[in-house]
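According to numbering that gives the first Met the number 0, the sequence shown is numbered sequentially starting from 0.
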Amino acid sequence: MRHGDKVNNLGRTAEHRRALLANLANALIEHKRIVTTLAKAKALRRFIEPLVTRAKKDNTHNRRIVFSHLQNKHSVKELFGNIIPEVNERPGGYVRVIRLGFRRGDGAETALIEFVDFNKDYNLYEGKEKKKAKKTRRGGRKSRSTAAATAAEQQPVEAAPEAAEATADTAEQKEAEA
Numbered sequence: 000m001r002h003g004d005k006v007n008n009l010g011r012t013a014e015h016r017r018a019l020l021a022n023l024a025n026a027l028i029e030h031k032r033i034v035t036t037l038a039k040a041k042a043l044r045r046f047i048e049p050l051v052t053r054a055k056k057d058n059t060h061n062r063r064i065v066f067s068h069l070q071n072k073h074s075v076k077e078l079f080g081n082i083i084p085e086v087n088e089r090p091g092g093y094v095r096v097i098r099l100g101f102r103r104g105d106g107a108e109t110a111l112i113e114f115v116d117f118n119k120d121y122n123l124y125e126g127k128e129k130k131k132a133k134k135t136r137r138g139g140r141k142s143r144s145t146a147a148a149t150a151a152e153q154q155p156v157e158a159a160p161e162a163a164e165a166t167a168d169t170a171e172q173k174e175a176e177a
């Protein structure tokens, strides 16, 4: 029985699970957002949040502890150098998990996991930058500036006087020939 066992084993041995979570954490630190299965994303959140909390205090001891979990010096440098200044004021909840749907091949539920404060240019919850105009099949009333612009386009441009005289001359020649 597994009463009170809160660890999601992910169908792996302890060493395999530790290596998997370290690799996922390294990818998340490098790319700031990754797509994986929902179960792995939730396990990764429990793995990485204590590391980010520890990294808020930059000293040799904390760097060595974070390195012992990640086993990648570039990830440690990125975490302490670029990520921590962005999430330093946050008391917790450094990553978010967003469900994406089901994978086509095996039906596994996928999720996007990302750092919350790091991606300020793209936020799923604040809406998109530009909304497209709603297209309908009916004409509807247009604004004055749009109506004036379309009216100006539809009116024919008067030809230059020389071109008008040339057109009149060709018309007279055709009548004379007939």
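For each residue, glycine too, the CB sits at the ideal point set by N, CA and C.
May I have the straight-line CA-CA distance separating residue i from residue j, to the nearest angstrom?
i, j, result
"N22", "R137", "54 angstroms"
"A54", "F79", "6 angstroms"
"E77", "F101", "31 angstroms"
"R98", "S67", "30 angstroms"
"V34", "A42", "13 angstroms"
"T59", "R103", "45 angstroms"
"I64", "H2", "30 angstroms"
"R62", "I82", "14 angstroms"
"E108", "G91", "26 angstroms"
"K5", "N71", "27 angstroms"
"H15", "P84", "32 angstroms"
Could you please give the first and the last residue of the uninterrupted beta strand (DSSP E) stretch that includes residue i?
i, result
"R102", "Note, R102: premise wrong, no beta strand (DSSP E); not H, not E."
"V34", "R32 to T36"
With a cut-off of 8 angstroms on the beta carbons, I'd call residue i and residue j a contact; round off their distance for me.
i, j, result
"D116", "R89", "6 angstroms"
"R32", "I112", "7 angstroms"
"L9", "A38", "6 angstroms"
"V86", "V51", "7 angstroms"
"A13", "V96", "Actually they are not in contact, since the Cβ atoms of A13 and V96 sit about 23 angstroms apart, beyond 8 angstroms."
Going by Cα to Cα distance, which pick from the options is closest to residue i?
i, options, result
"N25", "V6, A13, I47 and N7", "I47"
"G106", "R17, T36, M0 and Q70", "T36"
"L69", "F114, V6 and E29", "E29"
"R17", "H73, R45, V96 and M0", "R45"
"A110", "P49, V6, M0 and L27", "L27"
"V94", "P49, H73 and K72", "P49"
Check for me: the alpha helix (DSSP H) holding residue i runs from which residue to which?
i, result
"I112", "Segment E108 to F114 is the beta strand (DSSP E) holding I112; no alpha helix (DSSP H) there."
"L69", "T59 to L69"
"I82", "Careful: I82 lies outside any alpha helix (DSSP H) and carries neither H nor E."
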